[in-house]
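For the sequence shown, this note's numbering begins at 1119 and goes up steadily by one.
Virtual Cβ for every residue (Gly too), placed ideally from N, Cα, C.
Below is one structure, written out as structure tokens; the observations come after it.
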Amino acid sequence: MDTEKKNGKKGLLSNQLSLQLGRAYTLLKREWNARLMRPVNACLEPTYRCNLKCQTCFFGVPKNLPQMGYEEGKEELSFEEQCSAIDQLKKLGVSSITYIGGETLLRKDSLDVMKYMKDQGLFCLLITNGTMVTPEVAKKLVEIGVDRIVVSLDALDEKFDIVRGGKKAFNRIKNAITALLEERSKKGSSHPFVGFHMTISKLNIEDIVPLVSFSKEKGVDEITMQYFSETAKELVDKTVFEGEVIGSPRFIPRNGSLLLSGEQIKELREALKQVDSSIYVKMLHSLSDEELAKGYFPVKKCYSTRDTIIINPFGDVYLCPNIDRYVIGNIREEPLEKIWGNEKHMKLVRHLSKNLFEVCRSCCSHLHNMTPFQLFKIAFFH
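Below is the structure:
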């Protein structure tokens, strides 16, 4: 019995050591890629259109779409143009592409585009609201070999329909998850990795524990949580570079602030105590009451502008959703290899290496932009 206990402890320590070594390697690799300005991640946005009207999302309001390029009569990237973008991303060294909208599955060619990604040997992550994942779509997603599917889920039952602005949307998501997991099981595959992502705001603070229970009940592989990114209009207007306002309007609250009140912050703390430690919430634990109240994240460095490429529905290349008005080129006008690392890109990188912008305090990619020291503190002291 003592021998079994010793072996068990050794195995646990070995697993923990492997996990920490893996994290250390990932961090070192990120530092190296950022230093070399080597793009490894990309977001391909085929559309900003969406079939829901989420209270936490800029794209859910049709009148906002003109600000994102639709008022100029621009055409979204065709299937051929998206495939060309994928080829160019791969050539630059990108190994992982996030397919995100709007609602990507509104595009009739979305499944074909994801198949093309997989045919090129790239990691494919689909972000979706899940409402368009019918049994037929679920089967195709599994057959294609999509690596990971993240479904946005902020509440349950009728509450979800209110927050997300869709009729019977929650029922469609339940059916979508069931279909995905059943198809995956039929194939005997571990892919796609299926998870829920919860954006926490004052709209759903009481739904954290029930949503975690629901996730376990459905058998999804993962649930992640992130605090709502919100930017006051005055901060957007102050974000000026090279004589132009580059702050994005997409994080400006449209019906009043959705940040937590003092009482709701206490509720959040209590809810997180009840959440299984396997769920990634440490970033939430590490935020102070003041940071939660103001919607500020402790971002000290920008990695995203050094290692991530974002291509919008019209071929514009930009580097961060918080400053999406700063476009460094367009793939319809010149190859991506000439855009990445061009003078406009480097001017921004040089500026950010010395001074972050006002809107960086509400960085939507704050976890990716944490320094190694910050991540170390989060991992071991929270």
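Cutoff 8 Å; reference residue i; Cβ partners in own chain excluding five residues on either side
| i | result |
| --- | --- |
| residue 1149 | 1490 |
| residue 1259 | 1229, 1232, 1244, 1251, 1267, 1298, 1301 and 1310 |
| residue 1308 | 1302 |
| residue 1355 | 1363 and 1365 |
| residue 1353 | 1365, 1476, 1477, 1479 and 1480 |
C-beta atoms of residue i and residue j nearer than 8 Å
| i | j | result |
| --- | --- | --- |
| residue 1477 | residue 1427 | no |
| residue 1220 | residue 1172 | no |
| residue 1197 | residue 1237 | no |
| residue 1338 | residue 1295 | yes |
| residue 1487 | residue 1436 | no |
| residue 1458 | residue 1195 | no |
| residue 1366 | residue 1443 | yes |
| residue 1281 | residue 1299 | no |
| residue 1317 | residue 1290 | no |
| residue 1200 | residue 1455 | no |
| residue 1088 | residue 1377 | The first residue shown for the chain is 1119 and the last is 1500, placing residue 1088 beyond what the model contains. |
| residue 1446 | residue 1393 | no |
| residue 1215 | residue 1204 | yes |
| residue 1164 | residue 1431 | yes |
| residue 1429 | residue 1154 | no |
| residue 1146 | residue 1283 | no |
| residue 1341 | residue 1330 | yes |
Cross-strand partners of residue i (DSSP beta bridge)
| i | result |
| --- | --- |
| residue 1340 | 1313 |
| residue 1246 | 1269 |
| residue 1220 | Answer by DSSP bridge pairing: none, since residue 1220 is not bridged. |
| residue 1446 | Answer is none; residue 1446 lacks a bridge partner. |
| residue 1426 | 1159 |
| residue 1214 | 1159 and 1241 |
| residue 1359 | 1362 |
| residue 1434 | 1448 |
| residue 1318 | 1345 |
Sequence-distant residues of its chain with Cβ nearer than 6 Å to residue i (five each side left out)
| i | result |
| --- | --- |
| residue 1347 | 1369, 1480 and 1482 |
| residue 1152 | 1421, 1424 and 1425 |
| residue 1286 | none |
| residue 1450 | 1433 |
| residue 1410 | 1378 and 1383 |
| residue 1270 | 1247 and 1315 |
| residue 1448 | 1433 and 1434 |
Residue i to residue j span [Cα, whole Å]
| i | j | result |
| --- | --- | --- |
| residue 1495 | residue 1297 | 40 Å |
| residue 1492 | residue 1351 | 29 Å |
| residue 1262 | residue 1401 | 33 Å |
| residue 1344 | residue 1254 | 31 Å |
| residue 1277 | residue 1439 | 28 Å |
| residue 1504 | residue 1212 | Since the first residue shown for the chain is 1119 and the last is 1500, residue 1504 is missing from the structure and cannot be characterised. |
| residue 1380 | residue 1174 | 20 Å |
| residue 1470 | residue 1242 | 29 Å |
| residue 1390 | residue 1357 | 34 Å |
| residue 1202 | residue 1407 | 46 Å |
| residue 1193 | residue 1157 | 27 Å |
| residue 1256 | residue 1472 | 46 Å |
| residue 1474 | residue 1361 | 16 Å |
| residue 1264 | residue 1272 | 23 Å |
| residue 1292 | residue 1208 | 35 Å |
| residue 1321 | residue 1461 | 42 Å |
| residue 1131 | residue 1388 | Because the pLDDT at residue 1131 is just 49, under 50, the model does not fix this residue reliably, and the point stays unresolved. |
| residue 1176 | residue 1334 | 30 Å |
Cβ-based neighbour list, residue i, same chain, cut-off 7 Å, excluding 5 preceding and 5 following
| i | result |
| --- | --- |
| residue 1484 | 1415 and 1417 |
| residue 1328 | 1274 |
| residue 1332 | 1274 |
| residue 1304 | none |
| residue 1419 | 1487 and 1489 |
| residue 1375 | 1348 |
| residue 1225 | 1164 and 1165 |
| residue 1516 | It is not possible to answer for residue 1516, since the shown part of the chain is limited to 1119 through 1500. |
Proximity test, residue i beta-carbon vs the ligand GTP heavy atom, cut-off 7 Å
| i | result |
| --- | --- |
| residue 1393 | The ligand GTP is not part of the structure shown, which contains no ligands of any sort. |
Check: Would you call the stretch 1465–1477 and the stretch 1378–1392 touching, i.e. three or more CB-CB distances under 8 Å?
Finding: no
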